[in-house]
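From first to last, the protein sequence lines stand for chains A and B. Here this note's numbering is used: the first residue of the first sequence is 1, the next is one more, and so on. Here this note's numbering is used: the first residue of the second sequence is 1, the next is one more, and so on. One structure below.
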Amino acid sequence: MAINITMPALSPTMEEGTLAKWLVKPGDTISSGDVIAEIETDKATMEVEAVDEGTIAKILIDEGTEGVKVNSVIALLAEEGEDPDAVEAPEDAGPAVGEDKPKAEDNKPSEKEAEAPREDKGTSKATPEGTTAQKPKEAQGKDVSKELGSSPMELADVGDGKDRIKASPLARRLAKLRGIDLSSLKGSGPKGRIVKKDVEGAQPGQAGAQAGAAAPAAAPDGLILPQVLDDRVYAPDTYELKPLDGMRKTVAKRLTQSFMQVPHFPLNVDIKLDKLLAARKGINEAAPEGVKISVNDMLIKASAQALMAEPECNASFTDKGIAYHKSAHISVAVAIDGGLITPVIFDAQTKGLATIADEMKDLATRARERKLKPQEYSGGTFSISNLGMFGIKSFGSIINQPEGMILSVGAGEKRPVVNEKDEIVPATVMTVTLSCDHRVIGGAEGARWLAAFKRYVESPESMLL
Amino acid sequence: MADYDLIVIGSGPGGYVAAIRASQLGMKVGIVERESLGGICLNWGCIPTKALLRSAEVLHLAKNAKDFGLKIDKTDFDLQAVVKRSRDVAKQLSSGVSGLMKKNKIDVIMGEASLKKGKPAPVVSVKDKDGKTKDYQAKHVMLATGARARAIPQAGLEPDGELIWTYREAMVPKSVPKKLLVIGSGAIGIEFASFYNELGSDVTVVEAVDRILPVEDEEISTAARKQFEKQGLKFHTGAQVKSLKKGKDKVTAEVTVGGKSETIEADRVILAIGIVGNVENLGLEELGAKVEKTHVVVDGFGRTGVPGLYAIGDLTGPPWLAHKASHEGVICVEGIAGANEAHPFDASNVPGCTYSHPQVASVGLTEAQAKEAGHKVKVGKFPFIGNGKAIALGAAEGMVKTVFDAETGELLGAHMVGAEVTELIQGYVIARQGELTEAELMDTIFPHPTLSEMMHESVLAAYGRVLHI
Numbered sequence: 001m002a003i004n005i006t007m008p009a010l011s012p013t014m015e016e017g018t019l020a021k022w023l024v025k026p027g028d029t030i031s032s033g034d035v036i037a038e039i040e041t042d043k044a045t046m047e048v049e050a051v052d053e054g055t056i057a058k059i060l061i062d063e064g065t066e067g068v069k070v071n072s073v074i075a076l077l078a079e080e081g082e083d084p085d086a087v088e089a090p091e092d093a094g095p096a097v098g099e100d101k102p103k104a105e106d107n108k109p110s111e112k113e114a115e116a117p118r119e120d121k122g123t124s125k126a127t128p129e130g131t132t133a134q135k136p137k138e139a140q141g142k143d144v145s146k147e148l149g150s151s152p153m154e155l156a157d158v159g160d161g162k163d164r165i166k167a168s169p170l171a172r173r174l175a176k177l178r179g180i181d182l183s184s185l186k187g188s189g190p191k192g193r194i195v196k197k198d199v200e201g202a203q204p205g206q207a208g209a210q211a212g213a214a215a216p217a218a219a220p221d222g223l224i225l226p227q228v229l230d231d232r233v234y235a236p237d238t239y240e241l242k243p244l245d246g247m248r249k250t251v252a253k254r255l256t257q258s259f260m261q262v263p264h265f266p267l268n269v270d271i272k273l274d275k276l277l278a279a280r281k282g283i284n285e286a287a288p289e290g291v292k293i294s295v296n297d298m299l300i301k302a303s304a305q306a307l308m309a310e311p312e313c314n315a316s317f318t319d320k321g322i323a324y325h326k327s328a329h330i331s332v333a334v335a336i337d338g339g340l341i342t343p344v345i346f347d348a349q350t351k352g353l354a355t356i357a358d359e360m361k362d363l364a365t366r367a368r369e370r371k372l373k374p375q376e377y378s379g380g381t382f383s384i385s386n387l388g389m390f391g392i393k394s395f396g397s398i399i400n401q402p403e404g405m406i407l408s409v410g411a412g413e414k415r416p417v418v419n420e421k422d423e424i425v426p427a428t429v430m431t432v433t434l435s436c437d438h439r440v441i442g443g444a445e446g447a448r449w450l451a452a453f454k455r456y457v458e459s460p461e462s463m464l465l
Numbered sequence: 001m002a003d004y005d006l007i008v009i010g011s012g013p014g015g016y017v018a019a020i021r022a023s024q025l026g027m028k029v030g031i032v033e034r035e036s037l038g039g040i041c042l043n044w045g046c047i048p049t050k051a052l053l054r055s056a057e058v059l060h061l062a063k064n065a066k067d068f069g070l071k072i073d074k075t076d077f078d079l080q081a082v083v084k085r086s087r088d089v090a091k092q093l094s095s096g097v098s099g100l101m102k103k104n105k106i107d108v109i110m111g112e113a114s115l116k117k118g119k120p121a122p123v124v125s126v127k128d129k130d131g132k133t134k135d136y137q138a139k140h141v142m143l144a145t146g147a148r149a150r151a152i153p154q155a156g157l158e159p160d161g162e163l164i165w166t167y168r169e170a171m172v173p174k175s176v177p178k179k180l181l182v183i184g185s186g187a188i189g190i191e192f193a194s195f196y197n198e199l200g201s202d203v204t205v206v207e208a209v210d211r212i213l214p215v216e217d218e219e220i221s222t223a224a225r226k227q228f229e230k231q232g233l234k235f236h237t238g239a240q241v242k243s244l245k246k247g248k249d250k251v252t253a254e255v256t257v258g259g260k261s262e263t264i265e266a267d268r269v270i271l272a273i274g275i276v277g278n279v280e281n282l283g284l285e286e287l288g289a290k291v292e293k294t295h296v297v298v299d300g301f302g303r304t305g306v307p308g309l310y311a312i313g314d315l316t317g318p319p320w321l322a323h324k325a326s327h328e329g330v331i332c333v334e335g336i337a338g339a340n341e342a343h344p345f346d347a348s349n350v351p352g353c354t355y356s357h358p359q360v361a362s363v364g365l366t367e368a369q370a371k372e373a374g375h376k377v378k379v380g381k382f383p384f385i386g387n388g389k390a391i392a393l394g395a396a397e398g399m400v401k402t403v404f405d406a407e408t409g410e411l412l413g414a415h416m417v418g419a420e421v422t423e424l425i426q427g428y429v430i431a432r433q434g435e436l437t438e439a440e441l442m443d444t445i446f447p448h449p450t451l452s453e454m455m456h457e458s459v460l461a462a463y464g465r466v467l468h469i
């Protein structure tokens, strides 16, 4: 009997993803553990491994399909001895969601299911008799609740009392097929009922075409309020239009959310780098072959040490209260083609420079290939963004929620400084800016953290203590 | 100072309904009519033809009484009594409209209207039957002047009221023509063909397109044609009438079918080759309203682009149907009033009905149109022969066809031919308006025994779940 292959959840928060690529085709025999597809989530491309073995009977979601809901059936697997050609697609095989659908492994039909009313596939059968004869067999092979697809169950799912969304059955069906969140749409039908054309005007994962008015209620997706592309402002042939991919949407959503919700304040300070540069030189000369520490690796370490020294700064503003983190997980902003990602060096306070350098190299490489796993780019408690290599003197970053602070690192450059003897001497100096979430961090705490950070950078040997 | 908030010109089903809705919304309304309240629909269209067709239907049943176990030895009809009944029905309804105008405090201004430039809307000049003219100023003016039968004088396709009729003469015949030629197989042509055929005329219908009832689904056209032919109607499709030559009490038509020319002789001819809008003598050019192919160009709320001037109904183009006019009238008035639920006119959900024997009714896209529009379709068909009520009625011929989008389950169109289908189609229209999918339609309980069960079965058939065939 056929097994449903469903869209996996690659992270606990994942609701939908793009089916980027199929690595198998109908007729291929697969065994458990084989990589069968690549799925693109908001920030990464992940491989999907087969759970069961058998022959791919049908691929139901084409590659390149966006907004495929977690747990919707993406392909059908024929088991050993089953004729793959005889396996039929569920009637409602789109990127479906919502139903309490059994997972592939517990898809054994109960008696109740086998008896349940169902749609049959009249299209492929010429005679009514044939249809009847095949019913029981087919009913076993498939997820019956799934087949009924458009049964009243889905209506019941949507409405739960006060939050009931008023939408026509067709609008609900279309939204489901296209992965559009009905709550993000404004209905144009009678008494605000969402109708077909409201859904047709919307993009998967985005607020509806008329979301302007509905947006405040539709957070967080509604936070992205792109400008309407108007031919009167930009003539159509004067630009190249690139659709938003998952990463661009996520970056847009998260940064808009942070910039609008978090009361940012910046603190900046100049830091002398000469000792750190000298220490780096010494370390790299002493290091075994293949180990090379960068300035940034040392700044990651210094940040982690400073967070340990000033633990009230290692904090997140959450709905349940302020979370003071016990460990320093440092997110490092990596610019990649088409966006930005922040892989995390976990427990950086416990790691040596060689380990940090090694991990960072690996993370950055895989980030550029979009191969990071979600758990590798979430869970940080503090961020560093470094634009020194571009010669930027100083800048301020937008906080990477739910973290409480982000450090923006400018270029190290020779500057005249006044020493203890009131002499003007040359020194290598960088300017850093600390953006703080004022809901969790006060000016004094931020200043204390910067002082600690400065101390570690200007006296790198203290990091060894 | 404006005399009215709204003046409606024309009191057909578009105009008078719009006037009532405006009054409900608190507007002071005047309505101008040059002939009879209720317009063509009530007086010379929908209603009186339904009265005639009812007489034909009763006659048909009487003639076939023995099929029902009844004995009626001699069936005959009194044409003048049939016509009188039809006229009486029209009169009753027209006076009903008069009562509705009174009830809604709408001023009825009898006379012929024309427009002059004015502010905030064009000035309405009304010339009464004594030739006296009076000007009225309103904040808004709605044109609902309707349409009339199309003529092609170059080919002799021009009514003369004697030998060559329009619907108007066809509705009040002095005698039943022995041989009748109907040009055009749209709803009007087919209804008259069906009526006169029942009364004993030898009827030939000529249609330029390759099938009758060309706006209907192809399968429905074919099924309807079969039934008509069984009753003795003759059809020439893909045929052009090149000329009509009038003789003494006789007309000779030259018709080309597939490149071959033939002549058809008839006692009377009914022209049913479409409709032209009543756009003349209103002063539209002067005001700058746009007219294309005899129809006033408007947006989804009936706005003409001329400040304060609106147009609705047949005047604005096909489908030329009373219910389309009424609906547009209401939308237009609600748009003017800024009423909450005003939505622009959506032509895709206007049902079409033909009250011939058998009846034909449809809404939405035909199967061919749906495919052309790029839909992957699921099509359901259910024959009348599978329905108990149809068999009990002695009307077991016909079919209900539904077209769904295979992906979304949207009911794209529904098409029916057979007894009482004009009364059934609204069920599908509601389904479309409410955006129900196949799931809700399948879950709906249809009463037994009714013809409406076929609507259920057709949906089930589209999804391979048909029960009774």
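All C-beta atoms, glycine included, are put in the ideal place defined by N, C-alpha and C. Since this is a predicted model, take the numbers as computed values, not measurements.
Between the alpha carbons of G388 of chain A and G321 of chain A lies a gap of roughly 35 Å.
When DSSP states are grouped into helix, strand and coil, K127 of chain B belongs to the strand group. Within the model, the alpha-carbon separation for D34 of chain A versus R248 of chain A is close to 30 Å. G259 of chain B and K248 of chain B have their alpha carbons spaced roughly 29 Å apart. Judged by their CB atoms, G364 of chain B and R268 of chain B are not nearer to each other than the 9 Å cut-off. Across the structure, G338 of chain A and V24 of chain A are spaced so that their CA atoms are roughly 28 Å apart. About 7 Å separates the Cβ atoms of I9 of chain B and V141 of chain B, confirming a contact at the 8 Å cut-off. Assigned with DSSP and collapsed to three states, Y16 of chain B falls in helix. Under the three-state reduction of DSSP output, Q240 of chain B falls in the strand class. Per DSSP, the continuous beta strand (DSSP E) segment holding P383 of chain B begins and ends at 377 to 383. The segment 432 to 439 of chain A and the segment 256 to 273 of chain A touch, with three or more beta-carbon pairs separated by less than 8 Å. When the beta-carbon positions are compared, K292 of chain A and I356 of chain A stay at least 9 Å from each other. One Cα belongs to V123 of chain B, the other to A138 of chain B, and the distance between them is close to 7 Å.
DSSP assignment within the segment 341 to 399 of chain A yields the following whole alpha helix (DSSP H) runs of 4 residues or more, N-terminal first: 353 to 368, 374 to 377. Taking 9 Å as the Cβ-Cβ cut-off, the segment 256 to 284 of chain A has no residue approaching chain B.
Residue burial annotation: K196 of chain A is buried, with at least 16 other C-beta atoms found within 10 angstroms of its C-beta.
DSSP places L233 of chain B in the coil class of the three-state scheme, outside both helix and strand. Within the same chain, and ignoring the five residues on either side of V215 of chain B in sequence, no residue has its Cβ closer than 6 Å to its Cβ.
When secondary structure is reduced to three states using DSSP, T145 of chain B falls in the coil class, being assigned neither helix nor strand. Bounds of the alpha helix (DSSP H) holding I190 of chain B are 187 to 198. In this structure, the alpha-carbon of G410 of chain A lies about 41 Å from that of P8 of chain A. Between I271 of chain A and M463 of chain A, the CB-CB gap reaches or exceeds 9 Å. One thing to note: A272 of chain B has its Cβ no nearer than 9 Å to the Cβ of G200 of chain B. Within the segment 53 to 76 of chain A, no residue places its CB atom closer than 7 Å to a CB of chain B.
By the neighbour-count criterion, in which a residue is buried when 16 or more other Cβ atoms sit within 10 angstroms of its Cβ, G352 of chain A is exposed. Proximity of L19 of chain A to chain B, defined by a Cβ-Cβ separation below 9 Å, is not satisfied. Taking the C-beta atoms as reference points, A419 of chain B is found no nearer than 9 Å to G388 of chain B. Look at F77 of chain B here: in three-state DSSP terms it is coil, with no helix or strand label. Using a Cβ distance threshold of 9 Å, A224 of chain B and S356 of chain B count as a contacting pair. Along the length of the segment 345 to 378 of chain B, whole beta strand (DSSP E) runs at least 3 residues long occupy 352 to 354, 359 to 364, reported in chain order.
By DSSP's assignment, F453 of chain A forms no beta bridge with any residue. DSSP, read as helix, strand or coil, puts L284 of chain B in helix.
For Y239 of chain A, no alpha helix (DSSP H) segment is defined, and its DSSP state is neither H nor E. Under the three-state reduction of DSSP output, D297 of chain A falls in the helix class. Here P449 of chain B is near A392 of chain B, since their CB atoms are less than 9 Å apart.
Annotation for N268 of chain A: the continuous beta strand (DSSP E) segment containing it runs 264 to 272.
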